[in-house]
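One point on numbering: in the UniProt record's numbering, the residue at position 23 of the sequence shown is 23, and numbering is uninterrupted.
Read through the structure below, which is laid out as structure tokens, and then see the notes.
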Amino acid sequence: MRHKNPLRSLLGLTQNELAELLQVGRPLLSLHELGRRGLPLQAQRLLADMLAHVQAASADRRSPLQDRELYQESVRRQLRENEYQRLKAAREITATEQRIDKESRRARLSEFLAERDRQEGKAKTSPRPRFAPKRPANDTQTDLIRLQLRQELLELEKNFLESKLDTTK
1 MRHKNPLRSL
11 LGLTQNELAE
21 LLQVGRPLLS
31 LHELGRRGLP
41 LQAQRLLADM
51 LAHVQAASAD
61 RRSPLQDREL
71 YQESVRRQLR
81 ENEYQRLKAA
91 REITATEQRI
101 DKESRRARLS
111 EFLAERDRQE
121 GKAKTSPRPR
131 FAPKRPANDT
141 QTDLIRLQLR
151 QELLELEKNF
161 LESKLDTTK
């Protein structure tokens with residue numbers, strides 16, 4: 001019949017592993033578990049320290065309910081951050097679209113004035129300001145696509161976080 005020792009089960013170690021940690025022989029540890037022999041002072045101190053550590057760790061452990069609440073709070077915090085990032089991306093998209101529209105209107109006006117000058121046969125004696133865009137149109141379009149992609153990713157992240165929040169309830 002096997003004798004289950006509460007010290008070893010609390011530590012989660014086999015008799016050989018515990019004997020090795022305590023630097024004593026397995027037969028001496030076996031006799032100590034049966035109450036027939038004592039351990040050396042150094043081994044007793046180490047065993048007491050290990051037991052105190054394991055018991056303190058188990059006392060500090062949170063319940064599954066507390067873990068779930070912490071998890072839900074973390075997901076809610078991430079959802080709030082996600083909402084902020086989505087609103088920020090939407091504002092940036094709006095500003096970029098307005099910039100594209102403004103640059104387009106400026107380019108059309110510049111083309112109109114150049115065509116008018118050509119039709120009237122005016123030499124470039126009276127220089128007109130050309131409304132060249134400050135940035136190439138491709139850069140602005142690329143920015144818009146990048147922002148739209150970011151917004152879609154944030155939307156997917158929001159759906160994922162909401163599903164995680166629903167499954168933990």
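Even for Gly, the Cβ is constructed at its ideal location relative to N, Cα and C.
With DSSP as the reference, label residue i as helix, strand or coil.
i           : result
residue 54  : helix
residue 75  : helix
residue 168 : coil
residue 96  : helix
residue 31  : helix
residue 21  : helix
residue 181 : The shown model of the chain, from 1 to 169, leaves out residue 181, and the question about it has no answer.
residue 173 : Residue 173 lies beyond the stretch modelled for the chain, which goes from 1 to 169, so this question has no answer here.
residue 154 : helix
residue 138 : helix
residue 70  : helix
residue 163 : helix
residue 146 : helix
residue 82  : helix
residue 36  : coil
Count the other CB atoms within 10 Å of the CB of residue i; is the residue buried (16 or more) or exposed (fewer)?
i           : result
residue 140 : buried
residue 53  : exposed
residue 95  : exposed
residue 114 : exposed
residue 89  : buried
residue 43  : buried
residue 29  : buried
residue 149 : exposed
residue 147 : buried
residue 70  : exposed
Check whether chain B comes within 8 Å of residue i, counting only Cβ atoms and requiring the distance to be less than that.
i          : result
residue 69 : Within the model displayed, chain B is absent; a lone protein chain is all it includes.
Would you mind working out which of the options sits nearest residue i, comparing C-alpha positions?
i           : options            : result
residue 7   : 28, 24, 48 and 112 : 48
residue 45  : 34, 21 and 63      : 21
residue 144 : 92, 73 and 56      : 92
residue 83  : 153, 168 and 12    : 153
Inter-stretch contact at 8 Å, needing at least 3 Cβ pairs: the region 145-165 / the region 64-84: yes
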